[in-house]
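S.K.: Residues 36 to 139 in the working numbering are what the sequence shown spells out, letter by letter.
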Amino acid sequence: MPSIEALNGGLEILKTADLRQPLAALPMPFLRLYGRLDGLVPRKIVPLLDAMWEQSESIVFDKAAHAPFISHPHDFCQPLLALKKRVEELFLTERGKNPGHSNT
36 MPSIEALNGG
46 LEILKTADLR
56 QPLAALPMPF
66 LRLYGRLDGL
76 VPRKIVPLLD
86 AMWEQSESIV
96 FDKAAHAPFI
106 SHPHDFCQPL
116 LALKKRVEEL
126 FLTERGKNPG
136 HSNT
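1. Roughly how far, in whole angstroms, is the beta-carbon of residue 64 from the beta-carbon of residue 93, given that I think they are within contact range, below 8 angstroms?
2. Use the C-beta contact count for residue 62: other C-beta atoms within 10 angstroms, 16 or more gives buried, fewer gives exposed.
3. Report buried or exposed for residue 70, applying the criterion of at least 16 other Cβ atoms within 10 angstroms of its Cβ.
4. So, helix, strand or coil for residue 122, using DSSP?
5. I'd like to know whether the C-beta atoms of residue 107 and residue 75 end up nearer to each other than 8 angstroms.
6. Which stretch, first to last residue, makes up the beta strand (DSSP E) that contains residue 66?
7. If we count the other Cβ atoms within 10 Å of its Cβ and call it buried at 16 or more, is residue 82 buried or exposed?
8. Tell whether a beta-carbon distance below 8 angstroms holds between residue 114 and residue 66.
9. Alpha carbon to alpha carbon, how far is residue 95 from residue 131? Give it in angstroms, no decimals.
10. Report yes if the C-beta distance between residue 72 and residue 99 is below 8 angstroms; otherwise report no.
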């Protein structure tokens with residue numbers, strides 16, 4: 036279990052860090068995963084961030100709260116694996132390699 040000091044330090048970062056603009060400038064796709072029952076991150080933020088970050092994708096897990104990676108591990112990992120594949124294909128395409136074939 037983390038110390039109280041570490042937890043308080045993490046909460047302070049969450050209170051003061053605003054990464055909305057840096058994430059808008061990110062030149063690659065990214066994924067945002069939410070639990071509909073989350074008491075910490077309100078659902079109403081999802082469409083606002085969808086509009087701000089067009090290169091991102093959002094997924095809301097209907098029966099999950101703040102930690103869908105714990106309550107729905109399989110469902111949580113599937114979009115991550117799909118994003119990994121898309122990013123790998125994008126990376127290979129930009130490098131002039133055929134993403135469907137091995138170039139070894």
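For every residue, glycine included, the Cβ atom is placed at its ideal position computed from N, Cα and C.
M.R.: The relevant details are as follows:
1. The pair is not a contact, with the Cβ atoms about 12 angstroms apart (cut-off 8 angstroms).
2. exposed
3. buried
4. helix
5. no
6. 65 to 70
7. exposed
8. yes
9. 35 angstroms
10. yes
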